[in-house]
Structures are given as C-alpha cells and as structure tokens.
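Structure record follows, encoded as structure tokens.
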C-alpha cells in the first residue's frame with residue numbers, strides 16, 4: 085500500500101485528465117534546442133517530474149522514466165502517459181515567445197510546479213543570452229534535494245489524532261449551475277494592475293481571492309438574474325503551506341467555499357468582501373487542514389481496500405459534474421527574482437472541469453495575470469465579469485483568447 089502522501093494515481097483518467105500547467109511569455113522568441121537541453125539537464129534536480137506510470141500486481145505505481153521529456157514546437161494537445169509524451173506525466177511545448185509545462189495534477193500542485201518552472205527559465209535565459217545571474221533561490225543541477233521537498237510534508241504532525249475543528253462549513257448541494265455551459269472550453273488571458281486590485285482589497289476589506297469571488301458573484305447576478313439558487317465559489321487552499329511546509333512538491337491542495345445567497349445584496353462591496361474574506365479565514369485554519377488530511381487519509385484507506393478497477397470507476401463518477409458555480413485558484417508567486425525583466429506574462433492553466441467558470445491567478449512584475457477557463461459558447465458571461473471589474477475601477481487588458489489545448493491523459497497499458 086502506498087504512503088498517504090504519495091500520489092493517488094487513480095484520481096486521473098482519460099475522461100477526467102486532471103492536468104494543470106504554467107504558461108510563461110518571454111520577451112524574445114523561444115530557442116527550442118536550448119529549452120530541450122535544459123529540460124533534460126534538470127532531470128537530476130527534479131527527478132520526481134521525470135516519471136511514468138506502470139501497472140504492478142494490479143496496482144498503479146510511479147517509476148523513473150529514462151526517455152526524454154517531450155519539448156515540442158506546437159501548441160496542439162497530446163496525451164500524457166502515452167507514446168506521444170514518451171510516457172511521461174509532464175510535457176513541454178513552445179510557440180513563438182511563449183512556453184508552457186503541463187503536468188498531471190495528481191503529481192503536484194501550483195506551489196510544487198513553480199520552482200521547476202523557475203529553474204528551467206533560469207538555465208534557459210542565462211544560456212540563451214550568455215549572461216550570469218545570481219543563482220540564489222533557484223534549484224539547479226548539483227544542488228541538494230532536501231527531505232522536506234520529496235518526503236512526508238507532515239512528518240511533524242499527528243494527523244491520526246486530529247480533532248474536529250471549531251468551524252466546519254456545511255456543503256451546499258443546490259448551488260447554481262450556470263446555463264448553456266456545455267461547449268468546448270476556452271482560455272482567456274487577462275492582465276490587471278496589481279496596484280488597483282490591492283487598493284480595492286484595502287478599501288473594501290478584502291483579499292485578492294475575496295475580491296475576485298465577489299466580482300464573479302456580482303457578474304452572475306447580472307447574467308442570471310432569475311436564478312435563486314445560491315452561488316458557490318470554490319477557492320483553492322494549500323494545506324502544506326497552512327500546516328507549515330512550503331517546500332514540498334506533492335499535491336495537497338483543496339478548496340474552501342464561499343456562498344452568496346440570492347437574498348443577500350452585493351451592492352455594498354465593503355460588506356460583501358468582508359463577509360467573503362471571513363468565510364475564507366474560518367475555513368483556512370491549521371485545525372481545518374489537519375482535519376481535512378485525517379478525513380482524506382480515512383477515505384484513501386477505504387479506497388485502497390478495493391480493486392483498481394473499482395477505484396477508477398468510483399473516481400470517474402465522483403469527478404463527473406460541476407462541484408461549484410465557479411472556482412478561483414491563486415498560486416502565490418509574486419516574483420521570478422532576477423528573471424522578472426525577461427518575462428512579459430505568466431499564467432497558471434487548468435481546464436473548467438470542476439465548474440463552468442474558473443480563474444487561475446498569478447502575480448508578477450506588479451501585475452495580476454488571470455487565466456480564465458470557461459465552457460460558454462460566447463463571451464457574454466466573461467464580459468459581465470469584466471464590467472464588474474470596471475465598476476470597481478480596475479482596468480483590464482485582454483492579452484489573448486484560444487481554445488483550451490491542455491494535454492490529455494491516458495493509460496494504454498490498461499487496455500492491453
């Protein structure tokens with residue numbers, strides 16, 4: 085039986101790929117040969133990303149993958165875990181000035197993937213321009229891989245004897261499902277002023293997550309004025325950081341939810357942001373994360389007692405359908421350090437699998453970069469959200485829009 089902090093491999097499937105990525109736009113065209121070289125060189129520093137899945141005695145396992153990780157000059161999607169990706173669970177792509185790394189989310193989360201992205205860019209940029217930059221803070225070939233990075237991120241905690249937290253928010257089953265959200269997903273890339281967003285957070289007693297959640301809720305009330313179901317916005321939280329380990333690559337993120345009942349006015353931004361921020365804080369205490377880990381471990385033990393095919397079927401069913409009206413995830417990066425002058429944009433990517441409208445937030449070079457994924461045919465709801473930003477005196481710049489081209493995922497060995 086795998087250790088509780090190792091990947092739950094059966095969570096991802098061909099139908100629900102569970103793939104995330106990071107997209108970076110540089111100021112000059114990408115040199116694919118240099119990128120391929122540094123991606124391969126970083127294998128020794130980040131061996132946990134250079135892996136493949138195998139089937140052994142009826143169980144899925146992770147093993148080192150000696151084949152090169154694919155670095156393709158194309159934005160077209162491929163399937164991770166297949167020959168197209170050399171059976172890796174991650175893959176690079178580039179086109180013009182932009183490059184992206186996409187990885188199966190079961191392996192890592194935003195906080196785990198960013199050090200790898202930063203190290204890749206450090207080696208790439210110093211080699212591309214023949215420059216020397218301060219390597220402090222970058223994880224480079226030859227540097228030590230600490231136990232805290234790859235081992236049990238909660239070794240210092242007694243998860244088994246965790247007590248229920250003082251506050252547990254009950255789930256809402258009848259949350260609003262946005263209409264006509266059954267079209268092929270697309271990404272829209274938006275740039276916001278960090279100064280303007282943070283000014284609003286200070287003025288209205290909010291945080292970036294709380295402020296954006298209120299903007300989404302106000303847009304929904306304008307877009308669906310007759311739907312009286314409560315709006316639920318899921319906001320990602322990082323259990324590792326909450327419990328004191330910010331240096332571990334493994335996936336231990338989850339969500340807290342904030343609700344906007346139909347009979348509660350959103351006209352007063354200060355009140356709306358204060359209430360929303362309070363909901364987030366109440367659910368983001370260490371005791372909540374510790375309890376969540378205990379319940380997760382109990383569920384995992386029950387699932388591990390079942391056959392692999394039963395587990396895959398249960399997860400397939402559990403992942404079907406929206407789990408909130410909208411979602412927000414803010415990967416707290418703030419800076420790439422000495423690399424910032426060479427970077428134009430940075431976006432975190434995740435498809436709208438869990439709700440019809442998803443916002444991934446990144447912050448760099450004094451700007452917030454929003455990757456918005458949705459399943460609407462047109463931009464009616466997106467425009468409603470942007471109008472709410474304008475009403476709050478936040479300027480926005482649409483940097484681009486394109487069909488969702490995230491990698492898929494498959495396990496061809498299961499069909500053999």
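Numbering (this note's numbering), first residue to last: 85 to 500.
Heads up, the beta-carbon is just placed ideally off N, CA and C, and yes, glycines get one too.
Report task. Mind checking which residues open and close the alpha helix (DSSP H) that includes residue 472? Result -> Counting from 1 along the chain shown, the entry for residue 472 is found at position 388. Note, residue 472: alpha helix (DSSP H), 464-475.
Query - Straight-line Cα distance separating residue 119 from residue 188 - result: Sequence index remark: in the chain shown, residue 188 carries index 104 (1-based). Sequence index remark: in the chain shown, residue 119 carries index 35 (1-based). Looking at the two C-alpha atoms, the distance is approximately 21 Å.
Query - Complete alpha helix (DSSP H) runs within the stretch 330-418 (minimum length 4 residues, chain order) - result: With a minimum length of 4 residues, the continuous alpha helix (DSSP H) runs that stay inside the stretch 330-418 are 353-367, 370-388, 392-402.
Requested in this report: Could you round the C-beta distance between residue 232 and residue 381 to whole angstroms and report it? I think they count as a contact, below 8 Å.
Outcome: Numbered from its first residue, the chain shown carries residue 232 at position 148. Numbered from its first residue, the chain shown carries residue 381 at position 297. No, residue 232 and residue 381 are not in contact; Cβ-Cβ is about 20 Å, not under 8 Å.
Query raised in the report: Which word fits residue 270, buried or exposed, when buried means at least 16 other C-beta atoms lie within 10 angstroms of its C-beta?
Result: Within the chain shown, residue 270 is the residue found at index 186, counting from 1. So residue 270 ends up on the buried side.
Requested in this report: State yes or no: is the C-beta of residue 251 within less than 9 Å of the C-beta of residue 367?
Outcome: Within the chain shown, residue 251 is the residue found at index 167, counting from 1. Within the chain shown, residue 367 is the residue found at index 283, counting from 1. Annotated as proximal: residue 251 and residue 367, with beta-carbon spacing under 9 Å.
Query - Helix, strand or coil at residue 165 [DSSP, three-state] - result: By one-based count along the chain shown, residue 165 stands at place 81. Here residue 165 sits in coil by DSSP.
Query raised in the report: Which word fits residue 385, buried or exposed, when buried means at least 16 other C-beta atoms lie within 10 angstroms of its C-beta?
Result: As a first step, residue 385 is located in the chain shown; it is residue number 301 there, counting from the start. That one is exposed.
Query raised in the report: Would residue 131 be called buried (16 or more neighbouring beta carbons within 10 Å of its own) or exposed?
Result: As a working mapping, residue 131 is identified with position 47 in the chain shown. With fewer than 16 other Cβ atoms within 10 Å, it is exposed.
Report task. Could you tell me whether the Cβ atoms of residue 164 and residue 491 are closer together than 9 Å? Result -> Position 80 of the chain shown holds residue 164. Position 407 of the chain shown holds residue 491. Taking 9 Å as the Cβ cut-off, residue 164 and residue 491 qualify as a contacting pair.
Query raised in the report: Which residue from 117, 104, 453, 455 puts its Cα closest to that of residue 154?
Result: Position 70 of the chain shown, counted from the first residue, corresponds to residue 154. For the residues 117, 104, 453, 455, the minimum Cα distance to residue 154 belongs to 117.
Report task. Measure the alpha-carbon distance for residue 203 versus residue 113 and round it to whole angstroms. Result -> On the chain shown, position 119 is the one that residue 203 refers to. On the chain shown, position 29 is the one that residue 113 refers to. Between residue 203 and residue 113, the alpha-carbon positions lie close to 19 Å from each other.
Query raised in the report: When the Cα atoms are used, what is the spatial distance from residue 258 to residue 410?
Result: In the chain shown, counting from the first residue as 1, residue 258 sits at position 174. In the chain shown, counting from the first residue as 1, residue 410 sits at position 326. Going from the Cα of residue 258 to the Cα of residue 410 covers about 14 Å.
Query raised in the report: When the distance is taken between beta carbons, is residue 321 closer than 9 Å to residue 332?
Result: Along the chain shown, one-based indexing puts residue 332 at 248. Along the chain shown, one-based indexing puts residue 321 at 237. Cβ distance not < 9 Å, so residue 332 and residue 321 don't count as in contact.
Requested in this report: With DSSP as the reference, please indicate the residues paired to residue 442 in a beta bridge.
Outcome: Taking the chain shown and counting its residues from 1, the one referred to as residue 442 is at position 358. Residue 442 is bridged by DSSP to 411, 457.
Query raised in the report: Which residues mark the beginning and the end of the alpha helix (DSSP H) in which residue 213 is found?
Result: Your numbering for residue 213 matches position 129 in the chain shown. In the DSSP annotation of this structure, the continuous segment of the alpha helix (DSSP H) that includes residue 213 starts and ends at 194-213.
Query raised in the report: Of the choices 156, 248, 298, 214, whose alpha-carbon is the least far from that of residue 355?
Result: Here residue 355 refers to the residue found at position 271 of the chain shown. For the options 156, 248, 298, 214, the alpha carbon positioned closest to that of residue 355 is the one of 298.
Query raised in the report: Can you name the residues that DSSP bridges to residue 487?
Result: Walking along the chain shown from the start, residue 487 turns up at place 403. Bridge pairing for residue 487: 270 [DSSP].
Query raised in the report: Can the beta-carbon of residue 345 be found less than 9 Å from the beta-carbon of residue 314?
Result: Numbered from its first residue, the chain shown carries residue 345 at position 261. Numbered from its first residue, the chain shown carries residue 314 at position 230. Contact: yes.
Requested in this report: Would you kindly work out how many angstroms separate the C-alpha atoms of residue 296 and residue 447, rounded to a whole number?
Outcome: To locate residue 296, count along the chain shown from 1; it is residue 212. To locate residue 447, count along the chain shown from 1; it is residue 363. Going from the Cα of residue 296 to the Cα of residue 447 covers about 14 Å.
Requested in this report: May I ask you to list the residues that DSSP assigns as paired with residue 104?
Outcome: By one-based count along the chain shown, residue 104 stands at place 20. DSSP lists 187, 434 as partners of residue 104.
Report task. Would you check if the distance between the CB atom of residue 358 and the CB atom of residue 408 is smaller than 9 Å? Result -> Looking up residue 358 in the chain shown gives position 274. Looking up residue 408 in the chain shown gives position 324. Cβ distance not < 9 Å, so residue 358 and residue 408 don't count as in contact.
Query raised in the report: Is the distance from the Cβ of residue 387 to the Cβ of residue 104 below 9 Å?
Result: On the chain shown, residue 387 is found 303 positions in, with the first residue counted as 1. On the chain shown, residue 104 is found 20 positions in, with the first residue counted as 1. Against a cut-off of 9 Å, the Cβ pair of residue 104 and residue 387 comes out as no contact.
Requested in this report: For residue 502, collect the residues of the same chain with a Cβ closer than 8 Å to its Cβ; drop the 5 residues on either side in sequence, then sort them by chain order.
Outcome: Any property of residue 502 remains undetermined from this structure, which presents the chain solely from 85 to 500.
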